[in-house]
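First comes the structure, then the notes that go with it.
In the working numbering, the protein residues as written are -8 to 115.
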């Protein structure tokens, strides 16, 4: 259920709660539309999420999360989801981010420990 807490915090633009739900040892692979891949750590991931939240707030956008699949491997929970935005008038963005998020025990709670993100996929 860690993904539910993360998505709820993101939906409410709560960067402080998001910080609590992401492991300090998180490892992220972010693939851009041109195919180049950027590796991110905790600090760069949080900075990217904060920037996206700031843009969403400025433009009065709402986050849309579509959970496509959930599974488990050992102690890990793996969630495949699509993240997009809408204007609030039920008009969704043309593009989205397709993500594979892995949550596992990290200290005293379950946190995001790994993410693979494909940016600017078609939002259909």
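From the three backbone atoms N, C-alpha and C, an ideal C-beta is built for every residue, glycine too.
Shortest Cα-Cα distance from residue 114 to any of 20, 64, 55 involves 55.
In the pairwise beta carbon analysis, the segment 60 to 71 is classified as not touching the segment 28 to 37: fewer than three pairs are separated by under 8 angstroms. Rounded to the nearest angstrom, the gap between the Cα atoms of residue 39 and residue 103 is 15 angstroms. Counting only runs of at least 3 residues, the segment 46 to 92 fully encloses the following beta strand (DSSP E) elements, listed from N- to C-terminal order: 53 to 64, 67 to 77.
Of 85, 76, 18, 70, the smallest CA-CA separation from residue 3 is found for 76.
When the Cα atoms are used, residue 20 and residue 93 turn out to be separated by approximately 12 angstroms. When secondary structure is reduced to three states using DSSP, residue 27 falls in the coil class, being assigned neither helix nor strand.
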